[in-house]
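Chemist: Encoded as structure tokens, here's the structure I'll be asking about.
Residue numbers (my numbering): 546 to 929.
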């Protein structure tokens, strides 16, 4: 006789008997708790329960299409979620994964889900890998009303302010410092880089300032693209440019004209993609470093919004509640402008006449995305 899996209404409260039946014989099921989640694995299915609310460092419902598990997970859980033939992901032989959230009034059933992405790390002294993170995708997207129950958006205690914005075209050193120190927390241990070669030339003041800020806030050097540490600076193959910034896959770089003279106070920044013609960024180094910092802050943010192929009218709607950053477009590859609010940076890139506009918004707290929610936009991902 086979176990009968109960039918639980989508987004309804489930009682303990129904939950037990989802895994089969609950007395024989394996139970594990880690990272704020409880995982129960039985003969007929796996039940994963997270707590209501959210934080980047614990398991929770993240957005309408993501439930995140934070590890390290015990080995049996890793095997259950990822050990299927051919790697992770549901197939016809996989047992169902049921997702629930614990509310004050009971356990809310979110339906079944599947593993969409996972992070693994080799266990010390072992050939085995530990599941450090796992992204589960519900088979049914969560509605706004459900999100408000399982992951209510609460105001942040404080958000990075916009004092830096008024200095952008009067004192760019102050603007860069105020933005960076407001956005990035300091690390426990300053990151001091090896000394640069003795023969290297003096660097422009704004680049030297960024290196100083990076000693306590290394994230400012980038995650998507990267400002190279001083000891890694080098000239390009033609010996014309001092390369100081690189794209994450090495497709293009930014450089300064290389001479043995003292540096220009605020030099032009030159962009080169593969062996294409070198093109100047529209802003000199002082403005470029503000733009680079804004772009990387958005890219590395915990909470994001991503939309592609938007029209000019849709962009105007999204940016109307925000403050424009008064700088010329960044990056010749897809000219990009920036719009900000407390705790929020939005990058709007012109992808070309046939592709419309690409929008990436990054926020330090989920509530900072609220100014750009509620519009008729088809987001690829929206964490608000």
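Note that the Cβ used here is the ideal one computed from N, Cα and C, for glycine as well. Model, not experiment: these values are computed from the prediction.
1. DSSP state of residue 712, grouped into three classes?
2. Just to confirm before moving on: does the CB-CB distance between residue 590 and residue 626 stay below 9 Å?
3. How far does the beta strand (DSSP E) with residue 751 in it extend, from its first residue to its last?
4. To the nearest angstrom, how far is the alpha carbon of residue 762 from that of residue 722?
5. For residue 587, I'd like the list of residues in its chain whose CB is within less than 6 Å of its CB, leaving aside the five on either flank, ordered along the chain.
6. Which term fits residue 749, buried or exposed, when burial requires 16 or more other beta carbons within 10 angstroms of its beta carbon?
7. Which of helix, strand or coil does DSSP assign to residue 819?
8. My assumption, with CB atoms under 8 Å, is that residue 841 sits in contact with residue 877. Please give the rounded CB distance.
9. Any idea what DSSP makes of residue 908, helix, strand or coil?
10. Give a yes or no on contact between the stretch 839 to 856 and the stretch 795 to 810, applying the rule of three or more CB pairs nearer than 8 Å.
11. Do the CB positions of residue 701 and residue 909 come within less than 9 Å of each other?
12. The beta strand (DSSP E) that contains residue 786, what's its start and end?
13. Would you kindly work out how many angstroms separate the C-alpha atoms of residue 779 and residue 772, rounded to a whole number?
14. According to DSSP, is residue 795 helix, strand or coil?
15. Smallest Cα separation from residue 731: which of 582, 765, 710, 872?
16. Using the Cα positions of residue 578 and residue 713, report the straight-line distance between them to the nearest angstrom.
17. Identify whether residue 726 lies in helix, strand or coil by the three-state DSSP scheme.
18. Roughly how many angstroms lie between the CA atoms of residue 837 and residue 888, to the nearest whole one?
19. Taking contact to mean at least 3 C-beta pairs separated by less than 8 Å, is the stretch 682 to 697 in contact with the stretch 615 to 623?
20. Suppose you measure from the CA of residue 925 to the CA of residue 609; what does that come to, to the nearest Å?
21. Note down the Cα distance separating residue 706 from residue 886, rounded to an integer number of angstroms.
Modeler: In brief:
1. Along the chain shown, one-based indexing puts residue 712 at 167. Looking at residue 712 - three-state DSSP - the assignment turns out to be helix.
2. For this step, residue 590 is matched to residue 45 along the chain shown. For this step, residue 626 is matched to residue 81 along the chain shown. Taking 9 Å as the Cβ cut-off, residue 590 and residue 626 do not qualify as a contacting pair.
3. Residue 751 sits at position 206 when you count from the first residue of the chain shown. Unbroken run through residue 751 is the alpha helix (DSSP H), 750 to 759; no beta strand (DSSP E).
4. Mapped onto the chain shown, residue 762 falls at position 217. Mapped onto the chain shown, residue 722 falls at position 177. Straight-line Cα distance between these residues: approximately 11 Å.
5. Taking the chain shown and counting its residues from 1, the one referred to as residue 587 is at position 42. Taken in chain order, the residues that qualify are 568, 569, 574.
6. Within the chain shown, residue 749 is the residue found at index 204, counting from 1. Residue 749 should be labelled buried.
7. In the chain shown, residue 819 corresponds to position 274, counting from 1. Three-state result, residue 819: coil.
8. Position 296 of the chain shown holds residue 841. Position 332 of the chain shown holds residue 877. That belief does not hold up - the Cβ atoms of residue 841 and residue 877 are roughly 18 Å apart, past 8 Å.
9. Taking the first residue of the chain shown as position 1, residue 908 is located at position 363. In this structure, residue 908 counts as strand in the three-state DSSP scheme.
10. no
11. What you label residue 701 is simply residue 156 of the chain shown in a count that begins at 1. What you label residue 909 is simply residue 364 of the chain shown in a count that begins at 1. Their beta carbons are under 9 Å apart, which means residue 701 touches residue 909 by this criterion.
12. Counting from one through the chain shown, the residue named residue 786 turns up at place 241. Note, residue 786: beta strand (DSSP E), 786 to 791.
13. Locating residue 779 in the chain shown gives position 234, counting from the first residue. Locating residue 772 in the chain shown gives position 227, counting from the first residue. Residue 779 and residue 772: Cα-Cα distance of roughly 12 Å.
14. In the chain shown, residue 795 corresponds to position 250, counting from 1. Correct three-state label for residue 795: coil.
15. Against the chain shown, residue 731 aligns to sequence position 186. Among 582, 765, 710, 872, the Cα nearest to that of residue 731 belongs to 765.
16. The residue labelled residue 578 in the question sits at position 33 within the chain shown. The residue labelled residue 713 in the question sits at position 168 within the chain shown. Rounded to whole angstroms, residue 578 to residue 713 spans 49 Å at the Cα level.
17. Along the chain shown, one-based indexing puts residue 726 at 181. Residue 726 falls in the helix class under three-state DSSP.
18. As a position in the chain shown, residue 837 is number 292, starting the count at 1. As a position in the chain shown, residue 888 is number 343, starting the count at 1. Distance between the alpha carbons of residue 837 and residue 888 is about 17 Å.
19. no
20. As a first step, residue 925 is located in the chain shown; it is residue number 380 there, counting from the start. As a first step, residue 609 is located in the chain shown; it is residue number 64 there, counting from the start. Their backbone Cα atoms lie some 11 Å apart in a straight line.
21. What you label residue 706 is simply residue 161 of the chain shown in a count that begins at 1. What you label residue 886 is simply residue 341 of the chain shown in a count that begins at 1. Each residue's alpha carbon lies about 8 Å from the other.
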